[in-house]
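Undergrad: Throughout the sequence shown, residue numbering follows numbering that gives the first Met the number 0, covering 0 to 576 in sequence. Beta carbons: idealized from backbone N, C-alpha and C, even for Gly.
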Amino acid sequence: MSYRGRGRGGFRNTSGPRQGDIDQFAAANSFPVSITGWTGATVEECVKFISRKCRISVLNATSDAAGVMHGYVKSQKDADDLANWSGVKFAGQSLRISKDFSGQGGTNTAIEAITQFLQSRYNPGMKMLNLASVSQDPNLVAKGFFGSVNTGSKFFPALMKVASDLKLDVETIDLSGNDLSDLSAISAMAPTFPKLRNLSLQNNNFKSLKVFDPWKHKLSFLREIILTQNPMIDNHTNPADRASINGELMRLFPRLIVLNGEIIRNEQTLMANLTFPFEAPEPMFFSDEEIRNMSTNFITNFYNLWDTNRNELLVLYQNESQFSMQVDSAHPHITEGGQGTDFGYYLPNSRNLARVSSTKIRQSRVAIGPANISKFFAQLPRSRHELIQKPHLYSMESFRFPQLNGIMMTLHGTFEETAAPDNTEQANSSASKNRFHYQKNKKTPLSPKSFDRTFIVIPGPNGSMIVASDLLLIRPPGGNEAWSATPSTPASATPTPTPTPTATPTPSGPTTADLPAEIKANLNPGQQELLVKVLLETKLNLQYGILLCEQSSWDYQQATVNFKNSVGSLPREAFQV
Numbered sequence: 000m001s002y003r004g005r006g007r008g009g010f011r012n013t014s015g016p017r018q019g020d021i022d023q024f025a026a027a028n029s030f031p032v033s034i035t036g037w038t039g040a041t042v043e044e045c046v047k048f049i050s051r052k053c054r055i056s057v058l059n060a061t062s063d064a065a066g067v068m069h070g071y072v073k074s075q076k077d078a079d080d081l082a083n084w085s086g087v088k089f090a091g092q093s094l095r096i097s098k099d100f101s102g103q104g105g106t107n108t109a110i111e112a113i114t115q116f117l118q119s120r121y122n123p124g125m126k127m128l129n130l131a132s133v134s135q136d137p138n139l140v141a142k143g144f145f146g147s148v149n150t151g152s153k154f155f156p157a158l159m160k161v162a163s164d165l166k167l168d169v170e171t172i173d174l175s176g177n178d179l180s181d182l183s184a185i186s187a188m189a190p191t192f193p194k195l196r197n198l199s200l201q202n203n204n205f206k207s208l209k210v211f212d213p214w215k216h217k218l219s220f221l222r223e224i225i226l227t228q229n230p231m232i233d234n235h236t237n238p239a240d241r242a243s244i245n246g247e248l249m250r251l252f253p254r255l256i257v258l259n260g261e262i263i264r265n266e267q268t269l270m271a272n273l274t275f276p277f278e279a280p281e282p283m284f285f286s287d288e289e290i291r292n293m294s295t296n297f298i299t300n301f302y303n304l305w306d307t308n309r310n311e312l313l314v315l316y317q318n319e320s321q322f323s324m325q326v327d328s329a330h331p332h333i334t335e336g337g338q339g340t341d342f343g344y345y346l347p348n349s350r351n352l353a354r355v356s357s358t359k360i361r362q363s364r365v366a367i368g369p370a371n372i373s374k375f376f377a378q379l380p381r382s383r384h385e386l387i388q389k390p391h392l393y394s395m396e397s398f399r400f401p402q403l404n405g406i407m408m409t410l411h412g413t414f415e416e417t418a419a420p421d422n423t424e425q426a427n428s429s430a431s432k433n434r435f436h437y438q439k440n441k442k443t444p445l446s447p448k449s450f451d452r453t454f455i456v457i458p459g460p461n462g463s464m465i466v467a468s469d470l471l472l473i474r475p476p477g478g479n480e481a482w483s484a485t486p487s488t489p490a491s492a493t494p495t496p497t498p499t500p501t502a503t504p505t506p507s508g509p510t511t512a513d514l515p516a517e518i519k520a521n522l523n524p525g526q527q528e529l530l531v532k533v534l535l536e537t538k539l540n541l542q543y544g545i546l547l548c549e550q551s552s553w554d555y556q557q558a559t560v561n562f563k564n565s566v567g568s569l570p571r572e573a574f575q576v
C-alpha cells in the first residue's frame, strides 16, 4: 500500500527490527531488587504474592545458591516502594526486600537471555528456528518475560532484533502454538528473514486472510505454509471456501507450493513461468558491434565526469534536452541493507508518477535545457560508480533508436554516495515544511543505492553526441542477481517426493505451415520465420507475437529487447494457454 505522505514527515517505516524494541522491552525490568525469607515456597509463588499484596510486578526473578531471589521492577519508584514492604509476612516468614545495587541492568540481561533462547532453538543443519509455544518455555517463564501483557507484546520484536544481529541463516520457522491473532507481534519477521521458505503457523488464532496483507511482496520465496488449527481454516470446510483461501494465499506468496501438507500447484510449471523465457541472462546486450563501442565509450566517459565534475557534462545537453529523476522506495528488495534506505536528498525532485498526481508538479520536475539540468544535478548527492573496478555490479542494454536516428542506452547498477549535494536548499526547504518539525535541518545519512538510467543519445555536429533524454531512477540496493549467474535454489527443509525420471520432451511449437492463411498472406517468408521464432521463445499468443514484431520493425534483436522490457506488465491472456 502506497502512502503519499512518505518523505514529507507523515510516515516513518517501522516494519523492521529496531534496537528501540529491545530497549523498550528491557526498560520494563531495569531496576534490580533482592529478596530473602521466601524459601518456604517457590519463586513463582513469592512473585505472585508480591504482585497481589504490594501491587508491584517482579520480573525475571531467579534465585542463587545462597537462596537470595534476584528480580527486576519497572521503575525506581517501584524499587523504593517495594523496599518499604520489607518485613511483610509470607509463608510463615518475613520477607527481606532491598534494592540490589550489585545487579546488572535489564538490557544486557534481556539480550543475553534472548540470545541463549535463540541458540537453544536454532538448528543450523536444517536452517530451522523453532519458536513454537514460546510463552510456555520454562526458562523464559522463569525469567519473567511474560509476566505481563506489556512485556509479552514486546518479546517478539526484541527477539527479531537479536536474531538479526546474530545473522542466523534461517529457511524454516515454526511459530505454532503462540496464540497469535495477527502479525503485529511478528511483523519484523519478514524483513529479518526475507528468504524464508517454510513457515508453520499451526495452532494459533488467525481468523482472516487479511491479517497477512502486511507480508504481501515481503516473503517472495515462501514455498510451504501450515495454517491448520486456526479459525480461518477450521471454520471453512466448504471446498469453494478452501479454493478461495488457496487462491488468495497464492496471490500473497507467489512461490507457494505446499499448503497444510498438500501440493496446491505444479512446482515445475510455476518455476517455468517465473523463469525468463530466454537463455541465461547476460549482463551486457548490444544490437551490433558499432553500438557496443559507442555505448561503452559514452558511458565510461559520462560516469567519470558524473563522479568528478558534473558541470563538464552540460555540453552534452542542448536547449531541448530533458532530465528527470524518480525514486522507487517501494521496489521489492531482499538484500541486506535495503530496509530503511533514506531518500531525503532525492524526494524533493522525484517525479514518480505513482506518487505525484499534480500536473503542475509533474511538469516542474522535468528539467529542460542545460541551465535547469545543472540545477537538478547540483541537488543530487556526490557519488562513486566503480564501473572499471567492479564491472560485475553493472548491466547495460544498448540498441539503435531509429525514431531519432540515435541510440538508447540503459545502465543498471549500484553506487556509493560520497558527499551531500552541492546545493541542499531544496532538501532543507522540503524538510522545513514538515508539519511535525522534528526532521527540520536533519542531516540525511549517505548510503549505497541502486539505479537504472536511460539515455537517448543522438548525433551532433562534428561527430559529437547530444543527450536528448536522460531518465534516472533511484531505488534501494538490490544487488546484481538479476543478471549474474542464477544461484541454485536452496533445498526445502521439508522433504518432497522425487519425481519419476521421464524422457526429456522434444520442444514443439508452431511452424510457418501452421500460421493462418490470412496472416501468411500479409507476411513475407522472412517475417513468417521471425514470427514463429518469437512465438516459440516468448510463449506469446499469435496476436501479441505479431504486435511485438510490428513494434520491433521485424527485427529479432529489437523484439528480444522489447519483450524483456515489457514482459512484467503483459496480461496473462497475452501468453499461450
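Drop a sphere of 10 angstroms on the beta-carbon of A520, count the other beta-carbons inside from all chains shown, and report buried for 16 or more, exposed for fewer.
TA: By the 10 Å Cβ count, A520 comes out exposed.
Undergrad: Mapping the DSSP letters down to three states, classify G525 as helix, strand or coil.
TA: It is helical.
Undergrad: So, is K432 buried or exposed, given that buried needs 16 or more other C-beta atoms within 10 angstroms?
TA: Low per-residue confidence applies at K432: pLDDT is 48, beneath 50, and the placement is therefore not dependable enough to give any value.
Undergrad: Are the segment 364-379 and the segment 308-323 in contact at 8 angstroms, needing three or more beta carbon pairs?
TA: Contact holds: three or more Cβ-Cβ distances are below 8 angstroms.
Undergrad: For Q325, is the classification buried or exposed, using 16 other Cβ atoms within 10 angstroms of its Cβ as the cut-off for buried?
TA: Looking at its Cβ environment, which holds 16 or more other Cβ atoms inside 10 Å, Q325 is buried.
Undergrad: Please report the straight-line C-alpha distance between G90 and I256, rounded to a whole angstrom.
TA: The sequence given here has Ala at residue 90, not Gly. C-alpha separation (whole angstroms): 58 angstroms.
Undergrad: Between which two residues does the beta strand (DSSP E) holding P458 run?
TA: Start and end: 448-458.
Undergrad: Flag this pair as yes or no: are the beta carbons of A366 and I372 separated by less than 9 angstroms?
TA: Contact flag set, yes.
Undergrad: Taking the C-alpha atoms as reference points, what is the distance between P193 and G39?
TA: Approximately 50 angstroms, taken between the alpha carbons.
Undergrad: Whose CA, out of W214, N272, S207, L251, lies closest to the CA of I232?
TA: With distances taken between Cα atoms, I232 lies closest to S207.
Undergrad: Please state if the CB of P380 and the CB of T413 are separated by a distance shorter than 9 angstroms.
TA: No.
Undergrad: Locate the alpha helix (DSSP H) running through T511, then write down its first and last residues.
TA: No alpha helix (DSSP H) holds T511; DSSP gives it neither H nor E.
Undergrad: So what does A577 bridge to, in DSSP terms?
TA: Limits of the chain in this structure are 0 at one end and 576 at the other, which puts residue 577 out of reach.
Undergrad: Apart from the five residues just before and just after N204, which ones in its own chain have a Cβ nearer than 8 angstroms to its Cβ?
TA: Cβ neighbours of N204 beyond the five flanking positions: D178, L179, S180, N229, P230.
Undergrad: Could you have a look at P123 and say whether DSSP puts it in helix, strand or coil?
TA: P123 falls in the coil class under three-state DSSP.
Undergrad: Can you name the start and end residues of the alpha helix (DSSP H) that A60 belongs to?
TA: That residue, A60, is in no alpha helix (DSSP H); its beta strand (DSSP E) goes 58-62.
Undergrad: Excluding the five sequence neighbours on either side, which residues of its own chain have a C-beta within less than 6 angstroms of the C-beta of V46, listed in chain order?
TA: Hits under 6 angstroms: V57, A60.
Undergrad: Identify the residues that DSSP records as bridge partners of E385: which are they?
TA: Answer is none; E385 lacks a bridge partner.
Undergrad: Taking the C-alpha atoms as reference points, what is the distance between R254 and R354?
TA: Their backbone Cα atoms lie some 29 angstroms apart in a straight line.
Undergrad: Start and end of the alpha helix (DSSP H) containing E549?
TA: Its alpha helix (DSSP H) spans residues 541-550.
Undergrad: Cα separation between A512 and F220?
TA: Whole-angstrom Cα-Cα distance: 42 angstroms.
Undergrad: Taking 8 angstroms as the threshold, find out whether the segment 386-406 comes into contact with the segment 281-292 through three or more Cβ pairs.
TA: They touch, by the three-pair rule.
Undergrad: With DSSP as the reference, label F100 as helix, strand or coil.
TA: Only weak support is given to the placement of F100: the predicted model assigns it a pLDDT of 49, under 50, and the value that follows is read from those uncertain coordinates. In the structure shown, F100 sits in coil (DSSP, three-state: anything other than H, G, I, E or B).
Undergrad: Applying the 10 Å Cβ sphere with the 16-neighbour rule, what's the burial state of M270?
TA: Exposed, since its Cβ has fewer than 16 Cβ neighbours within 10 Å.
Undergrad: From the DSSP secondary-structure annotation, give me the bridge partner or partners of Q92.
TA: Looking at the DSSP assignment, Q92 forms a beta bridge with F89.
Undergrad: Given E528, which residues of its chain have a CB within under 7 angstroms of its CB, disregarding the five upstream and five downstream residues?
TA: Excluding sequence neighbours, E528 sits near T511.
Undergrad: Alpha carbon to alpha carbon, how far is S356 from P369? Give it in angstroms, no decimals.
TA: One C-alpha to the other measures close to 26 angstroms.
Undergrad: Enumerate, from N- to C-terminal direction, the unbroken alpha helix (DSSP H) stretches of 4 or more residues contained entirely within the segment 283-318.
TA: DSSP runs (the alpha helix (DSSP H)) wholly in the segment 283-318: 288-307.
Undergrad: Using the C-alpha atoms, what's the distance from N202 back to A580?
TA: This structure cannot settle anything about residue 580, because the visible part of the chain is limited to 0 through 576.
Undergrad: For K209, does the count of other Cβ atoms within 10 angstroms reach 16, so buried, or fall short, so exposed?
TA: The residue is exposed, with fewer than 16 neighbouring Cβ atoms inside 10 Å.
Undergrad: Looking at the unbroken alpha helix (DSSP H) that takes in R587, where does it start and where does it end?
TA: In this structure the chain extends from 0 to 576, so residue 587 is not present and cannot be described.
Undergrad: Can you tell me which residues form a DSSP beta bridge with E396?
TA: Looking at the DSSP assignment, E396 forms a beta bridge with F284, T409.
Undergrad: Once DSSP output is grouped into helix, strand and coil, what is the label at T340?
TA: T340 falls in the coil class under three-state DSSP.
Undergrad: In whole angstroms, what separates the C-alpha of N561 from that of G478?
TA: Near 23 angstroms, if we compare the C-alpha coordinates of G478 and N561.
Undergrad: With a threshold of 9 angstroms between beta-carbons, can G412 be considered close to chain C, or not?
TA: Any reference to chain C falls outside this structure, which holds one protein chain only.
Undergrad: Just list the residues that DSSP pairs Y595 with in beta bridges.
TA: Here the chain covers residues 0 to 576 and nothing more, so residue 595 does not appear.
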